[in-house]
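S.K.:
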Amino acid sequence: MPTVHLLDYVAGNVRSLVNAIERVGYSVEWVRSPEEVANADKLILPGVGHFGHCLSQLASAGYMAPIRAHIESGKPFMGICVGLQALFEGSSEDPNCPGLGVLPGKLDRFDDTSKSVPHIGWNDASCPTNPNLFGLNPDSKYYYVHSYKMPYTKGQLESQGWAVATGVYGGETFIGAIAKGNVMATQFHPEKSGVAGLRVIRAFLDGSGAAALASHPPQEVPNAGDDALVSKEGLTRRVIACLDVRTNDQGDLVVTKGDQYDVREKSDDRNVRNLGKPVEMARKYYEQGADEVTFLNITSFRDCPVADLPMLEILRLTSKTVFVPLTVGGGIRDTVDTDGTKVSALEIATMYFQSGADKVSIGSDAVIAAEEYYASGKTLFGNTAIEQISKAYGNQAVVVSVDPKRVYVPKPDATRHHTVKTSYPGPKGEEYCWYACTIKGGRETRDLDVVELTQAVEAMGCGEILLNCIDKDGTNSGFDLELIRQVKAAVRIPVIASSGAGNPGHFEEVFRETTTDAALGAGMFHRGEYTVQQVKEELKARGLVVRQFEGDL
Ligand code: 1PR
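In terms of the UniProt record's numbering, the sequence shown is residues 1 to 553.
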């Protein structure tokens with residue numbers, strides 16, 4: 001197998017990248033010291049998380065000069081995500097930390113006053129001068145996750161011989177990919193962008209991308225007045241499949257699903273409902289077009305997750321064939337292993353990332369952390385799981401899974417909590433409710449509302465909210481739009497609507513009626529009532545932009 005060298009310098013999920021490289025027929029050799037850079041013919045610089053964190057690690061380990069030398073020698077180089085950002089002069093994410101300076105310009109943060117930041121999801125990488133730049137396809141979508149972007153100024157980099165692909169998010173045009181000569185870099189994650197992304201990796205590795213660019217260099221600097229050259233807003237509606245995983249009474253790991261957090265059959269034997277095998281089902285949903293797959297280990301509060309090797313194995317196996325983002329939740333907290341050793345939440349998260357997860361989802365521990373945050377007068381000590389994991393892996397890697405329950409009140413001042421006026425009054429005709437956070441899979445209700453929780457975890461560095469709703473879970477009656485609106489108004493990070501999806505129309509409804517960033521379904525997919533593809537077809541038919549699964553490499 002031909003090889004590619006991958007720079008191993010920073011914590012992050014490189015397993016997906018290795019899987020993607022192997023999928024297109026190459027094997028990986030690691031560069032583990034600056035001296036080894038010279039051994040590389042093709043070199044990939046992956047990157048995730050904080051610009052300053054990545055760049056200062058590269059600099060202190062002595063990598064900057066060897067990387068520049070590799071690029072100057074004309075040997076193939078590819079940067080991914082922060083690996084693209086590193087090529088520029090710097091970033092406002094850490095103004096004191098210089099980049100490689102191969103390209104002019106500095107990155108800045110997306111404006112979050114009118115849209116969610118980070119920018120998470122599937123968007124364009126459209127290059128008018130070279131539409132098929134390094135395997136790109138104008139009709140394909142690519143998976144992005146970033147808060148900082150290189151703003152695009154028409155003609156600026158093109159005049160220096162660069163081919164530039166762009167995307168648009170909330171009216172801001174940013175650089176999605178760039179290439180010139182031996183250098184190619186993507187802001188999106190090709191290893192997480194399904195077959196469309198694998199094509200980009202292949203075009204880099206087999207040299208076809210560089211050859212095509214050499215024969216058609218971007219000759220024309222786009223005319224600054226030509227609107228046709230500007231790509232349009234392209235973020236798709238994200239549809240997520242969620243698998244609640246647990247051991248059944250026979251000891252097998254199964255995907256299960258009940259209603260209102262009860263996953264046992266209603267029959268006398270009360271067995272755990274077995275809806276299928278996790279790895280196979282994840283693959284099925286990927287092939288139906290799921291934009292992400294989430295695994296929740298729902299027994300974690302009773303079992304020790306460190307010993308929970310099957311969940312790690314599920315991720316390892318799934319990430320070999322499923323090239324979209326994988327989230328794992330359940331049991332991410334400081335804990336004590338069965339042999340008495342202390343294991344931090346960060347160490348558990350690291351095990352999951354190394355096994356192929358892209359994000360971890362924290363439930364109960366986030367509620368406890370939020371309570372302590374308010375009790376200490378909103379002080380951040382840096383010791384919560386959210387702060388530690390987001391510092392090491394970036395905010396985008398930390399999801400907080402919220403399990404709220406409605407509490408009805410007759411009027412807003414009947415509680416100190418944030419209420420909503422509801423169109424679905426309570427049992428005594430109460431016209432208001434607040435949403436109480438729960439822990440331990442809904443078993444324990446706390447005196448903390450969803451607005452308090454989500455604002456606290458946003459301050460701690462959480463990058464996304466997975467918003468369940470116990471009242472709606474498994475009911476097939478549609479999402480709780482009132483809950484989603486309340487949380488969307490409270491935070492600037494993306495929110496995933498969850499619980500209650502029963503048919504494709506419910507997805508259309510939640511995207512139309514709220515500003516949710518993504519929507520998640522579980523039971524309706526597991527029971528075979530609808531496929532992810534049917535949801536996407538419905539959304540498309542109703543004029544909403546979705547990503548289609550691309551089958552052939
Ligand atoms: O508290 O950090 O250990 O995390 C535990 C995680 O497991 C939390 O994310 C919690 O939501 C989840 N969980 C715990 N117990 C259950 C249970 O069902 N008994 N499942 C559980 C939560 C909610 C979603 C579900 C949606 C959509 N399930 O996973 O997929 O409600 O369902 P639907 O589309 O069928 O309505 P920690």
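Yeah, the Cβ is synthetic: ideal placement off N, Cα and C, and Gly gets one too.
What does a CB cutoff of less than 7 Å around Glu550 pick up in its chain, not counting 5 residues either side in sequence?
M.R.: Around Glu550: Ser140, Gly194, Val195, Ala196.
S.K.: For Pro325, count the other beta carbons within 10 Å of its own beta carbon; 16 or more makes it buried, fewer makes it exposed. Which is it?
M.R.: Buried.
S.K.: What ranges does the beta strand (DSSP E) occupy inside the segment 124-158, keeping only unbroken runs of at least 3 residues that lie completely in it?
M.R.: Runs found: 142-146.
S.K.: What is the rounded straight-line gap between the Cα of Ile470 and the Cα of Tyr63?
M.R.: Answer to the nearest angstrom: the Cα atoms are 49 Å apart.
S.K.: In terms of residue numbering, what span does the alpha helix (DSSP H) encompassing Asn19 cover?
M.R.: Taken as a continuous stretch (DSSP letters only), the alpha helix (DSSP H) holding Asn19 covers 15-23.
S.K.: Under a three-way DSSP split, which group does Ala449 fall into?
M.R.: The question names Ala, yet the displayed sequence has Asp at residue 449. Of the three classes helix, strand and coil, the one that applies to Asp449 here is strand, per DSSP.
S.K.: Considering Cα atoms alone, identify which of Leu312, Gly382, Ser376 is closest to Val360.
M.R.: Answer by Cα proximity: Leu312.
S.K.: Going by CA-CA distance only, name the one from Leu483, Asn383, Gln533, Phe479 that's closest to Met460.
M.R.: Checked all of Leu483, Asn383, Gln533, Phe479; the closest Cα to Met460 is Asn383.
S.K.: Go ahead and pull the three-state DSSP assignment for Lys540.
M.R.: In the structure shown, Lys540 sits in a helix (DSSP, three-state: H, G or I).
S.K.: Measuring only the C-alpha atoms, how far is Leu296 from Ile389?
M.R.: Going from the Cα of Leu296 to the Cα of Ile389 covers about 18 Å.
S.K.: Between the C-alpha atoms of Ser344 and Ser477, what's the straight-line distance to the nearest angstrom?
M.R.: Distance between the alpha carbons of Ser344 and Ser477: 39 Å.
S.K.: Just to confirm the assignment, what range does the beta strand (DSSP E) spanning Asp365 have?
M.R.: No beta strand (DSSP E) holds Asp365; the alpha helix (DSSP H) holding it covers 364-375.
S.K.: Given that a residue counts as buried once 16 or more other Cβ atoms are within 10 Å of its Cβ, and exposed if not, what is Gly377?
M.R.: Label assigned to Gly377: exposed.
S.K.: Taking C-alpha atoms, which residue in Pro217, Ile496, Phe174 lies nearest to Phe110?
M.R.: Selected option, being the one with the closest Cα: Phe174.
S.K.: What residues are listed by DSSP as bridge partners for Met1?
M.R.: According to DSSP, Met1 bridges with nothing at all.
S.K.: Please name the residue in Asp334, Gly426, Val164 whose C-alpha comes closest to that of Met184.
M.R.: Closest by alpha carbon: Val164.
S.K.: What did DSSP end up calling Phe301 once you bin it into helix, strand or coil?
M.R.: Residue placement at Phe301 cannot be trusted, given a pLDDT of 46 that sits under 50; the coordinates are not used to answer.
S.K.: Can you tell me whether Val336 is buried or exposed? The criterion is at least 16 other CB atoms within 10 Å of its CB, across all chains shown.
M.R.: It counts as exposed.
S.K.: Would you decide whether Leu553 is buried or exposed? Buried here means 16 or more other CB atoms lie within 10 Å of its CB.
M.R.: Under this definition Leu553 is an exposed residue.
S.K.: Can you tell me the Cα-Cα spacing of Phe301 and Glu89, whole angstroms?
M.R.: Residue confidence is low: Phe301 scores 46 on pLDDT, short of 50, so the model does not pin down where it sits. No coordinate-derived value is stated.
S.K.: Please find out if some non-hydrogen atom of the ligand 1PR comes closer than 8 Å to the beta-carbon of Asn248.
M.R.: Outside the cutoff, so no.
S.K.: Is the distance from the Cβ of Leu205 to the Cβ of Gly25 below 9 Å?
M.R.: Yes, Cβ-Cβ distance for Leu205 and Gly25 is below 9 Å.
S.K.: Does the beta-carbon of Asn137, which I'm using as the reference point, lie nearer than 8 Å to any heavy atom of the ligand 1PR?
M.R.: No, the Cβ of Asn137 stays beyond 8 Å of every heavy atom of the ligand 1PR.
S.K.: Taking its Cβ as the centre, do 16 or more other Cβ atoms sit within 10 Å of Pro95, making it buried, or is it exposed?
M.R.: Pro95 comes out exposed.
S.K.: Would you check whether the ligand 1PR has a heavy atom nearer than 8 Å to the C-beta of Cys437?
M.R.: No, since every heavy atom of the ligand 1PR falls outside the 8 Å radius drawn around the Cβ of Cys437.
S.K.: Go ahead and label residue 560 buried or exposed: buried means 16 or more other beta carbons lie within 10 angstroms of its beta carbon, across all protein chains shown.
M.R.: Outside the modelled stretch of the chain, which goes from 1 to 553, sits residue 560, for which no answer is possible.
S.K.: Skipping 5 residues on each side, what residues in its chain have a beta carbon closer than 6 Å to that of Lys180?
M.R.: Gly161, Trp162, listed in sequence order.
S.K.: What span of residues does the alpha helix (DSSP H) with Ala69 cover, start to end?
M.R.: 64-72 is the extent of the alpha helix (DSSP H) around Ala69.
S.K.: Is any heavy atom in the ligand 1PR found nearer than 8 Å to the beta carbon of residue 555?
M.R.: No answer is possible for residue 555: the residues shown for the chain start at 1 and end at 553.
S.K.: For the alpha helix (DSSP H) holding Gly197, just list the boundary residues, first then last.
M.R.: 194-205 is the extent of the alpha helix (DSSP H) around Gly197.
S.K.: What number of angstroms, rounded off, separates the C-alpha of Gln533 from the C-alpha of Asp473?
M.R.: Cα to Cα, the separation comes out at about 22 Å.
S.K.: CB of Val451 to nearest heavy atom of the ligand 1PR: below 8 Å?
M.R.: No.
S.K.: Could you please give me the residues that DSSP links to Cys469 through a beta bridge?
M.R.: DSSP lists no partner for Cys469.
S.K.: Given Pro76, which residues of its chain have a CB within under 6 Å of its CB, disregarding the five upstream and five downstream residues?
M.R.: Lys42, Asn182, listed in sequence order.
S.K.: Alpha carbon to alpha carbon, how far is Leu58 from Leu103?
M.R.: About 18 Å.
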